[in-house]
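Visitor: Each residue of the sequence shown is one higher than the one before, counting from 1 in the numbering used here. Beta carbons are placed, not taken as given, at the ideal position from N, Cα and C, and that holds for glycine. Got a structure for you, questions after.
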Amino acid sequence: MVAQQMPSPEEIAAQLQMIRDQIAELQSVLAQLEIRLRSVQAAKETVEKAAGQEGDTLFPGDPELNTILKARLLEPGKAIVHLGLNVYAKLDTAKAAEILAKKEDALKRSLEMLRQELDKLSRTHDQYLQLLQALTAGQAVQQAGQQRKQGS
Numbered sequence: 001m002v003a004q005q006m007p008s009p010e011e012i013a014a015q016l017q018m019i020r021d022q023i024a025e026l027q028s029v030l031a032q033l034e035i036r037l038r039s040v041q042a043a044k045e046t047v048e049k050a051a052g053q054e055g056d057t058l059f060p061g062d063p064e065l066n067t068i069l070k071a072r073l074l075e076p077g078k079a080i081v082h083l084g085l086n087v088y089a090k091l092d093t094a095k096a097a098e099i100l101a102k103k104e105d106a107l108k109r110s111l112e113m114l115r116q117e118l119d120k121l122s123r124t125h126d127q128y129l130q131l132l133q134a135l136t137a138g139q140a141v142q143q144a145g146q147q148r149k150q151g152s
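What follows is the structure, encoded as structure tokens:
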């Protein structure tokens, strides 16, 4: 039977860096998905508000409400919704809100999966870090022992 060789501190440090890079990438994707989720939620809210509106109404000009626009609905009860792949459809507001709710749910599921993956990577990172610290501490003790033997 062949004994498994312990990885060197350099190998563990390289693995740690790869894990850190993966964590940074996941955090970036999470941030982008959170922005998309807020955008879909704002769109759904706007469509729901427009559902019963006639004539002039106020709409947010941006998600942070830096601007509010006064607008006249040309087709009350209708909304143009992005379906994906640059395809848009004019639908009644109830159907538009339903589509946006499905997008919202899909984004929430994706965010949850990515958060779980990030948590798993963070735990792996911590384990590798502990292993690296133990190896370097062990090497320091071993070197100190060798120096004492040489000094005797």
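Can you grab the Cα-Cα spacing for the pair Arg36 / Leu107, in whole Å?
Guide: Numbered from its first residue, the sequence shown carries residue 36 at position 36. Numbered from its first residue, the sequence shown carries residue 107 at position 107. For Arg36 and Leu107, the distance between alpha carbons rounds to 8 Å.
Visitor: Between which two residues does the beta strand (DSSP E) harbouring Pro60 extend?
Guide: Reading the sequence shown from its first residue, position 60 is the one you call residue 60. Asp56 to Pro60 is the span of the beta strand (DSSP E), which, as asked, contains Pro60.
Visitor: Compute the Euclidean distance between the alpha carbons of Thr67 and Leu58, then round it to the nearest angstrom.
Guide: Walking along the sequence shown from the start, residue 67 turns up at place 67. Walking along the sequence shown from the start, residue 58 turns up at place 58. If you take the alpha carbons of Thr67 and Leu58, they lie about 10 Å apart.
Visitor: For Lys90 versus Ala79, is the C-beta spacing smaller than 9 Å?
Guide: Mapped onto the sequence shown, residue 90 falls at position 90. Mapped onto the sequence shown, residue 79 falls at position 79. Result yes, Cβ atoms of Lys90 and Ala79 sit closer than 9 Å.
Visitor: Can you tell me whether Ala51 is helix, strand or coil according to DSSP?
Guide: Here residue 51 refers to the residue found at position 51 when the sequence shown is read from its first residue. The answer is coil: DSSP assigns Ala51 none of H, G, I, E or B.
Visitor: Would you list the one or two residues that DSSP bridges to Ala71?
Guide: Along the sequence shown, read from residue 1 onward, the residue named residue 71 stands at position 71. BP columns for Ala71 point to Thr57.
Visitor: Start and end of the beta strand (DSSP E) containing Gly77?
Guide: For the purposes of this step, residue 77 is identified with residue 77 of the sequence shown, where counting begins at 1. No beta strand (DSSP E) holds Gly77; DSSP gives it neither H nor E.
Visitor: Under a Cβ-count criterion, where at least 16 other Cβ atoms within 10 Å of its own Cβ denotes burial, should Val87 be classed as buried or exposed?
Guide: As a working mapping, residue 87 is identified with position 87 in the sequence shown. Under this definition Val87 is an exposed residue.
Visitor: For a cutoff of 9 Å on Cβ pairs, would you count Asn66 as touching chain D?
Guide: No chain D is present in this structure, which holds just one protein chain.
Visitor: Please report the straight-line C-alpha distance between Pro60 and Leu26, rounded to a whole angstrom.
Guide: Within the sequence shown, numbered from 1, the residue matching residue 60 stands at position 60. Within the sequence shown, numbered from 1, the residue matching residue 26 stands at position 26. Rounded to whole angstroms, Pro60 to Leu26 spans 31 Å at the Cα level.
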